[in-house]
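Under UniProt numbering, the sequence shown has 195 at position 195, and the numbering climbs by one with no breaks. Backbone N, C-alpha and C define an ideal beta-carbon position, used for all residues, glycine too. For clarity, every value in this text was computed on a predicted model and none was experimentally measured. A short write-up of the structure that comes next.
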Amino acid sequence: MLKKLFSYLIPIKIFKVNSSLSKTIEVTWANGELVLDSENTNYSYGSLQRILRKGLKYIGFEIIAKMENVLVLGVAGGSVIKTLVEEINFKGKITGVEIDSEIITIANEYFKLNEIQNLEIVIDDAFEFVLKTKDRYDLIIIDIFQDTTMPNFLFEQFFVSRICFLLKSKGIVLFNTMCLTAAHNFRNKKYIEEFNDNQYQIQSIPRIEMHNELIVIKKKA
């Protein structure tokens, strides 16, 4: 409890490990809450949880609560999953796909991810998973980073088409992107402008954090 109290004054690191994918993974008390960080960015809880919560609010908590299947690509500490379960009271099935097994071990120990009854964790590459899965989803959340880098495949047409194919009728994609440079801003602008499918509606949500932009894709029918 003392660490939690002192964290309102200064962040207190309680765990750190080297990671082959994220350089380092750290668990820190900050402003009274545990957060998960990589070397250069927030991975779960803290600002990232605020960002994704805004996206979920934009979609509508009541709408999400009635859904049956949610897919989360990029689990890390599981903050968006905690929002789904604890704030939205989502009772359907959540499938979380995470490439880094070390992060899931940390998430289970420090954030009790393994205590969520309606959550299935799959250790796999997100690209490989979406190619293999035969399931369909009401909501797909894409939150994939390796430190401050986003894999290029996330913005490629084949991946976008496959993600949309996995949506149920009136399904929704919530895509969290990181924009650190003018090139990243242009990438997002191009991604939205070149999305050409009359079955879907695409738009970005006004930013609440300087470097993150949420993109929402809705299936019309």
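Inset, instruction - Look up alanine 107 in the DSSP assignment and say whether it is helix, strand or coil. - result: helix
Legend entry - Within 8 angstroms, strictly: CB atoms of cysteine 179 and lysine 219: no
Inset, instruction - Report the rounded CA-to-CA distance for aspartate 135 versus phenylalanine 145, giving the unit in angstroms. - result: 24 angstroms
Inset, instruction - From the DSSP output, in three-state form, read off asparagine 69 for me. - result: strand
Inset, instruction - Would you verify that the beta carbon of phenylalanine 153 is, or is not, closer than 8 angstroms to some beta carbon of chain B? - result: Absence of chain B from the displayed structure is noted, only one protein chain being present.
Legend entry - Spatial neighbours of isoleucine 99 in its chain, beta-carbon cut-off 6 angstroms, leaving aside the 5 residues before and after: Asp125
Inset, instruction - Compare the C-alpha of serine 79 against each of Ile59, Asp37, Phe186 and name the closest. - result: Asp37
Legend entry - Cβ neighbours of asparagine 118 in the same chain (closer than 8 angstroms, five flanking residues each side left out): Val85, Phe90, Lys91, Gly92, Lys93, Ile94
Inset, instruction - Can you check DSSP and say which residues form a bridge with lysine 218? - result: Ile172, Gln201
Legend entry - Exposure of residue 292, with buried meaning 16 or more beta-carbon neighbours within 10 Å: Because residue 292 is not part of the residues shown, which for the chain are 1 to 221, the question remains open.
Inset, instruction - Measure the C-alpha to C-alpha separation of serine 20 and lysine 66 and round it to an integer number of angstroms. - result: 38 angstroms
Legend entry - Selected residue, minimal CA-CA separation from leucine 139, among Gly171, Asn114, Phe159: Gly171
Legend entry - 8 angstroms contact criterion, which lysine 57 and tryptophan 29 should meet: CB distance rounded: So it is not a contact: roughly 26 angstroms between Cβ atoms.
Inset, instruction - Look at aspartate 143 and threonine 41 and say whether their C-beta atoms are less than 8 angstroms apart. - result: no
Legend entry - Among Val75, Thr177, Leu5, nearest to phenylalanine 153 - alpha-carbon criterion: Thr177
Inset, instruction - In the DSSP assignment, find the beta strand (DSSP E) that holds glutamate 193 and state where it starts and stops. - result: Glutamate 193 -> not in any beta strand (DSSP E); alpha helix (DSSP H) instead, spanning 182 to 193.
Inset, instruction - Within its chain, find whatever has a CB closer than 6 angstroms to the CB of proline 11; leave out the 5 residues flanking it on each side and keep chain order. - result: Thr28, Ala30
Inset, instruction - Any chance you could list the alpha helix (DSSP H) runs of at least 4 consecutive residues sitting entirely within the stretch 97 to 167, in chain order? - result: 101 to 111, 126 to 132, 157 to 165
Legend entry - Beta-carbon contacts of phenylalanine 195 that lie in its chain and below 8 angstroms, excluding the five residues immediately before and after: Val160, Ile202, Ile217
Legend entry - Opening and closing residue of the beta strand (DSSP E) in which phenylalanine 6 lies: Taken as a continuous stretch (DSSP letters only), phenylalanine 6 belongs to no beta strand (DSSP E), being part of the alpha helix (DSSP H) at 2 to 6.
Legend entry - Spatial distance of glutamate 209 from glycine 46 (CA atoms): 11 angstroms
Legend entry - Paired residues, beta bridge with glutamate 39 - DSSP: Looking at the DSSP assignment, glutamate 39 forms no beta bridge with any residue, so it has no partner.
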